[in-house]
Amino acid sequence: GRLRDEEKQSLTIGGTGTAIGLKDLVAEVAEKDKIGVKMSPEGYGPSDHANFYTHDIPVLFFFTGVHDDYHTPADDADKINYPGEKKVADYAADLIETVANEEKAMTFQEAGPKEQPKGRRRFKVIYESAQRI
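Under this note's numbering, the residue at position 132 of the sequence shown is numbered 149, and the numbers go up by one with no gaps.
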C-alpha cells in the first residue's frame with residue numbers, strides 16, 4: 018500500500034455489513050488505533066473475498082486506493098508507504114484479535130448482491146515483457 022493520510026479515512030474497508038455488529042467492531046478498533054477508515058457495507062467485489070461472501074461467510078476487504086501506477090509495471094516497491102503499510106497491518110491484526118475474542122462467532126448477514134451486476138465489464142491490463150522478433 019500507499020496509505021495517504023492515516024487519520025483521514027484513506028483506508029477503505031469493504032464488507033462491514035456482512036456480519037451483525039461487524040461495522041461497530043471495525044469502528045471501535047479504528048478509533049483505538051487512530052486510523053481513519055471509510056466503511057462500505059457491501060460484501061461482493063472483484064477480488065478473492067467474493068467467493069466467501071457468496072457462501073454466506075462474513076468478509077472484510079482492505080483497500081488504500083487507486084493511484085497512477087495501480088496495476089501497471091511502474092508500481093514498484095520504492096513507492097510503497099511502508100509506515101502506512103505497517104499501520105494498516107497493525108490495525109488488521111488488532112481487528113482480527115478483537116473478532117477472534119468475541120464470545121460468539123459472527124452472524125452472517127447479506128449486504129448487497131452476491132454476484133457482479135449485469136452489464137458491468139471488467140478489463141485486465143496485460144504487460145508483455147517478451148520482445149517480438
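Each residue gets a CB set at the ideal place from its N, CA and C atoms; glycine is no exception.
query	result
Please go through the same chain and pick out, in chain order, the residues whose beta-carbon is closer than 7 Å to the beta-carbon of Pro155, but skip the five residues on each side of it.	Residue 155 lies beyond the stretch modelled for the chain, which goes from 18 to 150, so this question has no answer here.
Spatial neighbours of Gly32 within its chain, please: C-beta separation below 6 Å, excluding the five flanking residues on both sides.	Gly60, Val76, Leu77 and Phe78
Is it buried or exposed, Tyr70, if we count other Cβ atoms within 10 angstroms and call 16 or more buried?	buried
Return the CA-CA distance between Ala44 and Phe80, expressed in angstroms with no decimal places.	16 Å
Excluding five sequence neighbours on each side, which residues of the same chain lie with their C-beta closer than 6 Å to the C-beta of Gly34?	Pro58 and Ala128
How is the beta strand (DSSP E) around Phe78 delimited, first residue to last?	Phe78 to Phe80
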